[in-house]
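The structure appears below as structure tokens.
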Amino acid sequence: MRARSLGSRIGRALKWAVFLLAVLALGGLLAFLYVVPPFDATSPEEYARLESTAAPQVNQIRDPAARLIAERGRYLMITSGCAGCHITPGPRGPAYDMYLAGGTKLVHGQAGTSVSRNLTPDAETGLGKWTDEEIKLVLRSGIRPDGRQIFHRFMPWPSTSRWSDEDRHAVVTYLRTLKVIRHRIPDPSREATIEDEGAAEAFYLHNYGARD
Amino acid sequence: MRWVGWSIRLGLACCGCALAVFALWQSVRAAQPADTATPVQAGKVVYEQRCAYCHGASGRGDGQVAANLQPRPLDFTAGKFKLRTTETGSLPTDDDLTRTILEGMPGTAMPAWRGRLRPDDVRNVVIYLKSFSPRFASETPQPIVAPMRSAEPAAAGTPGQTASRAAQSVTRGQATYGRLGCAACHGADGRGTDAVASGLTDDWNRPIEASDLTEPWTFRGGPSARDIYLRLRAGMSGTPMPSFASAASEDELWDLAWYVESLARAPIWRMTAAEIAAFYGQQGQAWREEPVRRGRDLAVTLSCAECHSPVREDGSRIEELHLAGGMRFRLNPFGDFVSANLTSDTDTGLGAVTDEQVKRAVTRGIRRDGSRMLPYAMPWAAYASLTQDDQRALVAYLRTLRPIANRIPSPARPALPAYLWGKFRMLVLGIDPPASVFPGNAGLRP
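Read top to bottom, the protein sequences are chains A and B. Going by our numbering, the residue at position 199 of the first sequence is 199; the numbering climbs one at a time, nothing skipped. Count along the second sequence starting at 1, add 1000, and that's the number in our numbering.
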């Protein structure tokens, strides 16, 4: 009788312990979900540092004239927020080591789907084979080498159209110095997926490109 | 069971015939516009494919993207064309229109269509866009019959004599530049320095800037002395640039064209390192002296209006709310955020916000109440790299924005369960919900 009651007491205590653990685990998960990703825990200065150091320096350029021009291009690329779409999205925010390798999906109800391009000088998946004039035409008029017009809500080419010709030249000079990253971007298609009713456009921060 | 095999063969034959008929019909239909369409109809097809995005289907310069562009795409219905070889007030000739389409307009978003459009298409588009203005039906523009001089001001003589005559021509041109008052808009140095005319507008009452005469690669109608002569002689309709045909003689205009051509500086891609450093230094100095002008360009190139000017469903801007905020973003699972009103309205805009608070929001993502923005969609981490001068310039420009009352609602956080569920999907299941943008103005206008 005593032994049974001791056993049942232990059993009851165990049950309570398990229940308590479950509550703690659930609470922990909810608390984790509540605070993570801890945007507020990272200082504004740290975000700014990540953003600017992702853009490689131009010190390695031997020609002093090209270096000065590329430095201006770097300033324009960083401050104009090009990385916002053209840096490859990672599982927890931007993949800072995939600077301007593309892969963010953008959807606009009427214009369809677009995936941000790989701007690194890779010959097959990036801008390696594009001429300077072809890149400048995209920045000035939003026209791709194949003649297709880029929709301005995908790539804000009217903004880069306001750069002077010399600034566009500086941006192209800088793009040519980037690390080559092989990252194949799928061709834009017409299919669109916007989950929110009434939304006109959406951007998906997954990596829609393929590293091969 | 032989009939089964026969019926399959018959069925296949029928399918084949149907396919052939369909293919033939398709090819006939595809070939039709080129064969039977009138030039106007063919031009309309090309226009709607290639031109309407900027110039609008109605030709009024009001395409989907028009409000984003500076300078604005031309309104063809007004019958005012900048680049002409005809007298002031006249329409352009077909050759003028063709030339503008083929060569594009440097310094604007209008590209050179040479090699991008077939000659037939260009011809048809010219015919079609003339149908936008009734003036083309009643007028026959004639090119200016004027001594179109050759490439040298004085072709005859030894190289030394030619050079000295050219120098004399340039000197006379400089005097004409002063006499005709070119410096009022273009500045004494051609770069707009000390120009007295400010706030220039075009015939549509939109701000317009006098050309920098030291940058011939931005001249809308081309960089040659002949191109410059034509702009002086014929004027640029729709802009403050008049014709000087009655104010100066032919010789004076040609001398002036030579003088303007002589003002050209080298572009940075032809400069040495020392020249580039000096040029960037001068540019920085000019920007410090005119922060509002620099800030106006920065506001465009930093794409402020991409989020702070609400858009319609087709992606076109609601112009009367330029930089007045109101674009609603759903950043799942963090909630709904509405872009701020950047105009100087005291109640709803930045009127009562200090310069330091604006800079703190732009470069550190901290709102005026001290709360922090998410690291996206506002790219404050990118703007953090702006130089102090550029930050000052941007604020100086924002201060000049005409107040527009548009009360922006506070961010709407989702209910706690929805927030936790969204986070669970994002962090545990790895489903990244899209950040959505909603058309229309989410602000409250009085």
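All C-beta atoms in this analysis are idealised placements derived from N, C-alpha and C, irrespective of residue type, glycine included. Predicted model only: the values in this text are computed from it and were never measured.
query: Three-way DSSP call (helix, strand, coil) for residue 1435(B) in this model; result: strand
query: Three or more C-beta pairs below 8 Å linking the region 1429–1442 of chain B and the region 1326–1334 of chain B; result: yes
query: Within 8 Å, strictly: CB atoms of residue 183(A) and residue 209(A); result: yes
query: Close Cβ partners of residue 1426(B) (< 7 Å) along its chain, the five nearest in sequence each way excluded; result: 1333, 1432, 1433
query: Residue 204(A) - containing beta strand (DSSP E), residue span; result: 201–204
query: Through-space distance from residue 1368(B) to residue 1314(B), alpha-carbon basis; result: 33 Å
query: Three-pair Cβ contact test at 8 Å for the region 69–76 of chain A versus the region 85–92 of chain A; result: no
query: Chain-order list of residues whose beta-carbon lies under 7 Å from that of residue 1151(B) (same chain, five-residue window excluded); result: Confidence is the limiting factor: at residue 1151(B) the pLDDT is only 49, short of 50, which leaves the residue's position unreliable, though a coordinate-based value still follows. None.
query: Distance, residue 1310(B) Cα to residue 1240(B) Cα; result: 31 Å
query: Contact list for residue 1271(B) against chain A, beta-carbon separation under 7 Å; result: 65
query: Close Cβ partners of residue 1001(B) (< 7 Å) along its chain, the five nearest in sequence each way excluded; result: Note that residue 1001(B) scores a pLDDT of 47, beneath 50, so its modelled location is shaky and nothing firm can be said.
query: CA-to-CA distance, residue 24(A) to residue 58(A), given in whole angstroms; result: 52 Å
query: Under the three-state DSSP convention, the category residue 1151(B) falls into; result: Below a pLDDT of 50, predicted positions are generally treated as unreliable, and residue 1151(B), at 49, falls in that range; the measurement from the model is reported next regardless. Of the three classes helix, strand and coil, the one that applies to residue 1151(B) here is coil, per DSSP.
query: 8 Å contact criterion, which residue 1231(B) and residue 1238(B) should meet: CB distance rounded; result: Not confirmed; about 13 Å, so no contact.
query: Chain B contact residues for residue 152(A), given Cβ-Cβ distances below 7 Å; result: 1065, 1068, 1315
query: Residue 1329(B) - partner residues in DSSP beta bridges; result: 1337(B), 1437(B)
query: Neighbour list for residue 137(A) in chain B, Cβ cutoff strictly below 8 Å; result: 1111
query: Counterpart residues of residue 143(A) in DSSP-defined beta bridges; result: 149(A)
query: Neighbouring residues, chain A, relative to residue 1365(B) (Cβ below 7 Å); result: 44
query: Residue 86(A): first and last residue of the uninterrupted beta strand (DSSP E) it sits in; result: Where residue 86(A) is concerned, there is no enclosing beta strand (DSSP E), although the alpha helix (DSSP H) it sits in stretches over 83–86.
query: Pairwise C-alpha distance: residue 79(A) and residue 126(A); result: 22 Å
query: Residue-level contact to chain A via CB, residue 1300(B), 8 Å cutoff; result: yes
query: Counterpart residues of residue 1311(B) in DSSP-defined beta bridges; result: 1317(B)
query: Short Cβ contact (8 Å threshold) for residue 1295(B) with residue 1393(B); result: yes
query: DSSP state of residue 1322(B) mapped onto helix, strand, coil; result: coil
query: Spatial distance of residue 1446(B) from residue 1091(B) (CA atoms); result: 45 Å
query: Within chain B, the residues that residue 114(A) reaches when beta carbons sit closer than 8 Å; result: Correct list: empty, because the minimum Cβ distance to chain B is about 12 Å.
query: C-beta atoms of residue 70(A) and residue 173(A) nearer than 8 Å; result: yes
query: Spatially closest choice to residue 1112(B) from 1118(B), 1102(B), 1306(B), by CA coordinates; result: 1102(B)
query: CB contact below 8 Å: residue 1424(B) versus chain A; result: yes
query: Residue-chain proximity (residue 228(A), chain B), Cβ-Cβ < 8 Å; result: Since the displayed chain A opens at 1 and closes at 212, residue 228(A) lies outside it and no answer follows.
query: Helix, strand or coil at residue 1425(B) [DSSP, three-state]; result: helix
query: is_contact[residue 123(A), chain D] using C-beta, thresh 8 Å; result: The chain inventory of the structure shown lacks chain D, comprising the protein chains A and B.
query: Residue-level contact to chain B via CB, residue 69(A), 8 Å cutoff; result: yes
query: Where the beta strand (DSSP E) through residue 114(A) begins and ends; result: 112–115
query: Three-state secondary structure (DSSP) of residue 1126(B); result: helix
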